[in-house]
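Protein chains in written order, with the working numbering: chain A, 1 to 233; chain B, 1001 to 1233.
Note that beta-carbon positions come from the ideal geometry of N, C-alpha and C, so glycine has one too.
Only a predicted model underlies this, so the values are computations on that prediction, with no experimental measurement involved.
Protein chains: 2
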Amino acid sequence: MTTQTFRDWQSVQTEVLRRIHAREWKPGDLIPNEADLAQEFGCARTTVNRALRAVAESGLLDRRRKAGTRVAAQPIAKATMNIAVIRTEVEDRGQTYTYRRVSFEKIVPDAIIQGSFKTGDASPLLHVVALHLADGAPYALEDRWIDPNVLANAPGEGFETISANEWLLKNTPYTHGQIGFSARSATGDQAALLQCPEASAVFTIDRTTWDQDKTVTQVRLLFAPGHKIQTQL
Amino acid sequence: MTTQTFRDWQSVQTEVLRRIHAREWKPGDLIPNEADLAQEFGCARTTVNRALRAVAESGLLDRRRKAGTRVAAQPIAKATMNIAVIRTEVEDRGQTYTYRRVSFEKIVPDAIIQGSFKTGDASPLLHVVALHLADGAPYALEDRWIDPNVLANAPGEGFETISANEWLLKNTPYTHGQIGFSARSATGDQAALLQCPEASAVFTIDRTTWDQDKTVTQVRLLFAPGHKIQTQL
DNA sequence: GCTGTTTTTATGTGCATACATAAAAACCTT
DNA sequence: AAGGTTTTTATGTATGCACATAAAAACAGC
Chain A
1 MTTQTFRDWQ SVQTEVLRRI HAREWKPGDL IPNEADLAQE FGCARTTVNR
51 ALRAVAESGL LDRRRKAGTR VAAQPIAKAT MNIAVIRTEV EDRGQTYTYR
101 RVSFEKIVPD AIIQGSFKTG DASPLLHVVA LHLADGAPYA LEDRWIDPNV
151 LANAPGEGFE TISANEWLLK NTPYTHGQIG FSARSATGDQ AALLQCPEAS
201 AVFTIDRTTW DQDKTVTQVR LLFAPGHKIQ TQL
Chain B
1001 MTTQTFRDWQ SVQTEVLRRI HAREWKPGDL IPNEADLAQE FGCARTTVNR
1051 ALRAVAESGL LDRRRKAGTR VAAQPIAKAT MNIAVIRTEV EDRGQTYTYR
1101 RVSFEKIVPD AIIQGSFKTG DASPLLHVVA LHLADGAPYA LEDRWIDPNV
1151 LANAPGEGFE TISANEWLLK NTPYTHGQIG FSARSATGDQ AALLQCPEAS
1201 AVFTIDRTTW DQDKTVTQVR LLFAPGHKIQ TQL
């Protein structure tokens, strides 16, 4: 066996992936330690470390101090979805983006929304409904609740020409968020706005973002029937 | 201003994130270079590099050689979904997993499936339909096409007791794949198996995996109505 | 045998240094 | 001024070394 040399971490990574895919290292197997691999590959341990760390991030390796590195028994595929501003998303498809605000009001939300904002019982929130269009056709329906405080520095903003989706992403700091994907049947109102038959299956994204412990905004995006989001593994 | 010291890359990362969130560094801003930050933070440039690289991976920073590092103008949220074996997914919810094979045959697929396998025009593929149940209730319907060659080493396998989902993930090497999420209306057959009303909105995952240039398998997973996948941002 | 303690060991990380590389900026040349 | 070439510079990465840390394994005491 010709002990080949792999000088940079990318080629070490490639070789490690090759061995995993070729089942030279099978799921559950303990692989040689960093020092040994470094010697075999003719590079520094740091380089091996960098490569193994990258592979571990993708979910194909499990690493634990002292216990060593082993090929994941349950290879968890990590699909990374890029969630961009909707305008950008549409434009990247080569389509013309337009935006239409449907409604904007300050009202006291129902108990469910209220609960997730942990706000005082009957304090009102901003509620925006808007439509995102691609080449004139409905692309996504945005239904959003916003903590009024986040608009304190932009008192005039009514999201008539710029979407809350875009404005918030650019102007509002947040520390963490949660996102969920599901399928829903369009209600009559929703179907009318999306110009699709009632009860159509619509792809749905629910997102909530917080700044520290304060809920900033909560949004439901209903995409026109047929919408699909894709990514590589 | 007390020039604080940040000795490890995690605290440098935290500080960088703080500055971005606090809008001390605004979207589009060019931030100081690594060497300057290293001096400010009282650590080595490698440490700053590690921290900035991590933040850049999350999409909040754009880095280019010579051009420097800037806060992303269009902060792209990267949502990483963990796609595990369905059995594990169910068990992790604390539910009892059961599996039922619905059908298994070797037939020549329609043109669409055929095309994605790039196989000879009329060569037959394996077609498996199976149901995954959680606590006895339908959880997901799996509709899968498999290249017969991948079963060459397991001639007896008919996916009667172990799902193709699990068997393939454990036994079949693959180099890359594609995954897509969408919403679909359940057909009559599908609804019957999932025990839901016809035309219910069902969350759908389509996945294709390749080994080098050969298509290994293609699967469509229809989840019972109400299914939602979630992740943190 | 069963505890709790110590040792060992593989990964995790920090640092100084060196060089690689991409791309902006400066400098020519015509 | 336009176009091509060189320089500069910020990031990217490899290396040897040191030490930190978590956890398995060995050991001790009872």
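Residue contact with chain B for A/P27: present (Cβ-Cβ distance below 7 Å to some residue of chain B). From the beta-carbon of B/V1150, no residue of chain A is found nearer than 7 Å; the closest lies around 13 Å away. Among the residues facing chain B, A/V202 is included, as its CB has a counterpart in that chain under 7 Å away. Residue-level contact by beta carbon fails for A/K214 and chain B, as no gap is shorter than 7 Å. For the region 136-188 of chain A, the continuous alpha helix (DSSP H) assignments of 4+ residues that do not extend past its boundaries occur at 164-171, in sequence order.
When secondary structure is reduced to three states using DSSP, B/R1087 falls in the helix class.
Taking a C-beta cut-off of 9 Å against chain A, the contacting residues of the region 1073-1096 of chain B are A1073, Q1074, P1075, I1076, A1077, K1078, A1079, T1080, M1081, N1082, I1083, A1084, V1085, T1088, listed in chain order. Taking a C-beta distance under 7 Å as the contact criterion, A/V71 and A/I20 qualify as a contact pair. The CB of B/A1192 never comes closer than 8 Å to any CB in chain A; the least such distance is about 17 Å. DSSP, read as helix, strand or coil, puts B/W1009 in helix. No Cβ-Cβ contact shorter than 7 Å links B/N1049 with A/I76.
Per DSSP, reduced to three states, the secondary structure at B/L1222 is strand.
Cβ-Cβ distances below 8 Å link B/R1093 to A1134 in the same chain, with the five nearest sequence neighbours on each side left out; the list follows chain order. With a minimum length of 4 residues, the unbroken runs of alpha helix (DSSP H) contained wholly in the region 1012-1095 of chain B fall at 1034-1041, 1045-1057, 1086-1092. In this structure, the beta-carbon distance from B/R1064 to B/D1143 does not fall below 7 Å.
When DSSP states are grouped into helix, strand and coil, A/A192 belongs to the helix group. For A/F181, at least one C-beta of chain B is nearer than 7 Å to its own C-beta.
Beta-bridge analysis with DSSP links B/S1103 to B/V1129. With a threshold of 7 Å between beta carbons, B/T1014 makes no contact with chain A. Here A/T217 is buried. Its C-beta has 16 or more other C-beta atoms within 10 Å. Of all alpha-carbon atoms in B/K1066, B/Q1074, B/A1137, B/L1125, the one lying nearest the alpha-carbon of B/P1027 is that of B/Q1074. With its beta carbon less than 7 Å from one in chain A, B/R1184 belongs to the interface.
Within the same chain, F1041, G1042, C1043 come within 8 Å of B/T1005 by CB-CB distance, once the 5 residues on both sides are set aside. Under the 7 Å criterion on CB atoms, A/I229 is classed as interfacial with respect to chain B. At least one CB of chain B lies nearer than 7 Å to the CB of A/Q232. Taking each of A/Q232, A/H132, A/A111, A/V102 in turn and checking the Cα distance to A/D189, the smallest one comes out for A/V102. If you draw a straight line from the Cα of B/S1058 to the Cα of B/Q1013, it comes to about 11 Å. DSSP, reduced to helix, strand and coil, places A/A122 outside both helices and strands of the structure shown, so it counts as coil. Here B/R1207 is buried: its Cβ has 16 or more other Cβ atoms, across all protein chains shown, within 10 Å. DSSP, reduced to helix, strand and coil, places A/A134 within a strand of the structure shown.
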